[in-house]
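Novice:
There are 2 protein chains.
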Amino acid sequence: MHITARLAKETAREYALRILKDNIISLDLAPGSMVSENEISSQLGLSRTPIREALIELSRANIVEIYPQKGSRILLIDYALVEESRFLRLVLESAVVKVICEREGTLDISLLEENLKLQEFYLENPNPDKLLELDNQFHCELFNLANKMQCYHWMMDGMTVHFDRVRSMSLNTIKDIKIVNDHKALIAAISERNSQEAVSLMEKHLSRYKIDEQAIREKYPQYFSEV
Amino acid sequence: MHITARLAKETAREYALRILKDNIISLDLAPGSMVSENEISSQLGLSRTPIREALIELSRANIVEIYPQKGSRILLIDYALVEESRFLRLVLESAVVKVICEREGTLDISLLEENLKLQEFYLENPNPDKLLELDNQFHCELFNLANKMQCYHWMMDGMTVHFDRVRSMSLNTIKDIKIVNDHKALIAAISERNSQEAVSLMEKHLSRYKIDEQAIREKYPQYFSEV
DNA sequence: TGGAAATTCTGTGGTACCATACTCTCGGTT
DNA sequence: AACCGAGAGTATGGTACCACAGAATTTCCA
Chain U
964 MHITARLAKE TAREYALRIL KDNIISLDLA PGSMVSENEI SSQLGLSRTP IREALIELSR
1024 ANIVEIYPQK GSRILLIDYA LVEESRFLRL VLESAVVKVI CEREGTLDIS LLEENLKLQE
1084 FYLENPNPDK LLELDNQFHC ELFNLANKMQ CYHWMMDGMT VHFDRVRSMS LNTIKDIKIV
1144 NDHKALIAAI SERNSQEAVS LMEKHLSRYK IDEQAIREKY PQYFSEV
Chain F
964 MHITARLAKE TAREYALRIL KDNIISLDLA PGSMVSENEI SSQLGLSRTP IREALIELSR
1024 ANIVEIYPQK GSRILLIDYA LVEESRFLRL VLESAVVKVI CEREGTLDIS LLEENLKLQE
1084 FYLENPNPDK LLELDNQFHC ELFNLANKMQ CYHWMMDGMT VHFDRVRSMS LNTIKDIKIV
1144 NDHKALIAAI SERNSQEAVS LMEKHLSRYK IDEQAIREKY PQYFSEV
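Chains as they are written, first to last, in the working numbering: chain U, 964 to 1190; chain F, 964 to 1190.
#1: Check whether the Cβ atoms of residue 1055 of chain F and residue 1166 of chain F lie closer than 8 angstroms to each other.
#2: According to DSSP, is residue 1052 of chain F helix, strand or coil?
#3: Which residues, in order along the region 1122–1133 of chain U, keep a beta-carbon less than 9 angstroms from a beta-carbon of chain F?
#4: Using DSSP bridges, identify the partner residues of residue 939 of chain F.
#5: Report buried or exposed for residue 1139 of chain U, applying the criterion of at least 16 other Cβ atoms within 10 angstroms of its Cβ.
#6: Could you check what DSSP says for residue 964 of chain F in three-state terms: helix, strand or coil?
#7: Using only the alpha-carbon positions, how far apart do residue 1073 of chain F and residue 974 of chain F sit?
#8: Taking the alpha-carbon positions, what's the residue 998 of chain F to residue 982 of chain F distance?
#9: Quick one: any contact between the region 1120–1127 of chain F and the region 1042–1051 of chain F, if contact means 3 or more CB pairs under 8 angstroms?
#10: Residue 1040 of chain F by DSSP, collapsed to three states: which one?
#11: Hey, could you find the ends of the alpha helix (DSSP H) residue 1074 of chain U is sitting in?
#12: Against chain F, with Cβ distances strictly below 8 angstroms, would residue 1119 of chain U count as a contact?
#13: Alpha carbons only, please: which of U:1171, U:1113 and U:990 is nearest the one belonging to residue 1023 of chain F?
#14: Once DSSP output is grouped into helix, strand and coil, what is the label at residue 1118 of chain F?
#15: Considering only their Cβ atoms, is the gap separating residue 980 of chain F from residue 1017 of chain F smaller than 8 angstroms?
#16: For chain U, find out if any of its Cβ atoms is closer than 8 angstroms to the Cβ of residue 1113 of chain F; answer yes or no.
#17: Please go through the same chain and pick out, in chain order, the residues whose beta-carbon is closer than 8 angstroms to the beta-carbon of residue 1169 of chain U, but skip the five residues on each side of it.
#18: Given that residue 1019 of chain F touches chain U, what residues does it touch there, using C-beta distances under 9 angstroms?
#19: Comparing alpha-carbon positions, which option in F:1000, F:1004 and F:1172 lies nearest residue 1031 of chain F?
#20: Pop quiz: residue 1131 of chain F and residue 990 of chain F are said to be a contact at Cβ under 8 angstroms. What is the actual Cβ separation, rounded to whole angstroms?
#21: Which residues in the same chain have their Cβ closer than 8 angstroms to the Cβ of residue 1063 of chain U, if we skip the five residues on either side of it in sequence?
#22: Counting C-beta neighbours from all protein chains within 10 Å, is the total for residue 1184 of chain U 16 or more, i.e. buried, or is it exposed?
#23: Looking at the unbroken alpha helix (DSSP H) that takes in residue 1163 of chain F, where does it start and where does it end?
#24: When you compare the CB positions of residue 1147 of chain U and residue 1171 of chain U, do they come within less than 8 angstroms of one another, or not?
#25: Within 10 angstroms of the Cβ of residue 1082 of chain U, are there 16 or more other Cβ atoms? Answer buried if so, exposed if not.
#26: Closer than 7 angstroms by beta-carbon distance: list the chain F residues that pair up with residue 1054 of chain U, in chain order.
#27: Would you kindly work out how many angstroms separate the C-alpha atoms of residue 1247 of chain U and residue 968 of chain U, rounded to a whole number?
#28: For a cutoff of 8 angstroms on Cβ pairs, would you count residue 1001 of chain F as touching chain U?
#29: How about residue 1085 of chain U and residue 1097 of chain U: do their beta carbons lie closer than 8 angstroms?
#30: Since residue 1191 of chain U meets chain F, which of its residues come closer than 7 angstroms, beta carbon to beta carbon?
#31: Below 8 angstroms between beta carbons: does that hold for residue 948 of chain U and residue 1128 of chain U?
#32: With DSSP run on the structure shown, which of helix, strand or coil describes residue 1132 of chain F?
#33: Could you list which residues in chain U have their beta carbon closer than 8 angstroms to that of residue 1025 of chain F, in chain order?
#34: For residue 1021 of chain F, collect the residues of the same chain with a Cβ closer than 7 angstroms to its Cβ; drop the 5 residues on either side in sequence, then sort them by chain order.
#35: Alpha carbons only, please: which of F:971, F:996, F:970 and F:1159 is nearest the one belonging to residue 964 of chain F?
#36: Determine the direct distance from the alpha carbon of residue 1182 of chain U to that of residue 1175 of chain U, and round the result to whole angstroms.
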């Protein structure tokens, strides 16, 4: 497991959650593998309670399953679940860009543009992790512009892990280019308040996350659950 | 606080969460009031840990706020939040009925019809609590028919409390009639696979939860946060 | 040698207690 | 009389330990 230092003002529980999420996304905690509260707690230099609470939260998002008195397992990738989370994102984010386009008053899209510039930079100076982070920030800012931050937190907090884990399995050089272009087109549509175009761009954009299923399945068959 | 017996097979944490939710919805734990882990734990005959974990979960859903080293508070009703949860439901459930209508193959709506019959029964023999429960079950079954149960759990688990708390403040005799009729019309549209009609019915249906804001605000001004 | 019972081991669920930080009160000083 | 600071009180955050259940291993008997 890859462990980074604890941040200032971060509670033990938040720290444990962050480290666990990072390692699940990076596949250092492999799908299907068992994890032990004791082992993690000694690795992080904490007691079991913060670990336990982090695992409870992950189990609510169906990332981890806790078998009482037996142990906890990093769940295999259930593609039906990934698809459901994509469905939820698609539906919700489409509605969000619609709200943005139809909102009255001025619209400050400078944060989106700034984010886009950084994406273009990390495309030329390749850094997939940064791109992933910027991608998530981009979508977060959309929710913010629509005044729907609570929706973002209610869902995305628990859901992005499913997404990011799959994404980190795919070779992403080619796709990243398309994603950045999608974002660019989306900003254009939003600034023109073209609601219909923006929604259709969002649908196309989020569908990109789907295509790799077959390739990933063949590359990491042991990480997928049946069905 | 109103306390019922602990169910079989229910962990202490689940028990604490259930009791807390029930009391928040029924307003026995008043919006704005402070709660103490110690007090609750002695009332429920548990130690602090399960209570603490239940409060952490409620704080994730913005029902409770935990002030470290100070205490925990049942949050006032933030109508912007209620509206956001309505937005989320609206967007998602509209998409869900669309999926149902456009699904291929046969469609087993017997559970919906059965649920509707019970709703009609409890309308004639008034029982608001039962109606609320049936209402939630009805919507849950819609997600089930669309094969989107995970979406249901991701959101609704944390969100319905916001809804139910507001709903329990409104006099609901008149509204219940309309709601049951809405459900009836929705079943009809679904069985005819009339996607457009079903979505528009769902929009009208969920908008009913909005109308009472002014009345409730006047009746319980101290339960609302500003803005 | 094979198999079942008993025991040990290991895991989470929950309890009791300590650490730490914030609040409020009370007393002394100016 | 007003204000500041020390200390008690009380809240959650975290630790250490016990309770209990399930799995694996060992032991004992046929």
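Where a beta carbon is used, it is the ideal one built from N, C-alpha and C, also for glycine.
None of these values were measured; they are calculated from a predicted model.
Specialist: Quick look at the numbers:
#1: At least 8 angstroms separates the beta-carbon of residue 1055 of chain F from that of residue 1166 of chain F.
#2: Three-state DSSP puts residue 1052 of chain F in a helix.
#3: 1122
#4: No information on residue 939 of chain F is available, as it lies outside the stretch 964 to 1190 that chain F covers here.
#5: buried
#6: coil
#7: 33 angstroms
#8: Taking the CA atoms as reference points, residue 998 of chain F sits about 13 angstroms from residue 982 of chain F.
#9: yes
#10: strand
#11: Residue 1074 of chain U -> alpha helix (DSSP H) spans 1073–1087.
#12: No - not a single Cβ of chain F is within 8 angstroms of the one on residue 1119 of chain U.
#13: U:1113
#14: helix
#15: yes
#16: yes
#17: 1049, 1052, 1053 and 1056
#18: Within 9 angstroms Cβ-Cβ: 976, 1016, 1019 and 1020.
#19: Measuring from the Cα of residue 1031 of chain F, the nearest candidate turns out to be F:1000.
#20: 7 angstroms
#21: 1070, 1105, 1108, 1109, 1153 and 1161
#22: exposed
#23: 1158–1170
#24: no
#25: buried
#26: Under the 7 angstroms cutoff, chain F gives 1054, 1055 and 1058.
#27: Residue 1247 of chain U lies beyond the residue range present for chain U, which begins at 964 and ends at 1190; the question has no answer from this structure.
#28: Under the Cβ distance rule, residue 1001 of chain F does not count among the residues neighbouring chain U, no pair being separated by less than 8 angstroms.
#29: Yes, the Cβ-Cβ distance between residue 1085 of chain U and residue 1097 of chain U is below 8 angstroms.
#30: With chain U covering 964 to 1190 only, the question about residue 1191 of chain U has no answer from this structure.
#31: The shown model of chain U, from 964 to 1190, leaves out residue 948 of chain U, and the question about it has no answer.
#32: coil
#33: 1113
#34: 983 and 1027
#35: F:996
#36: 11 angstroms
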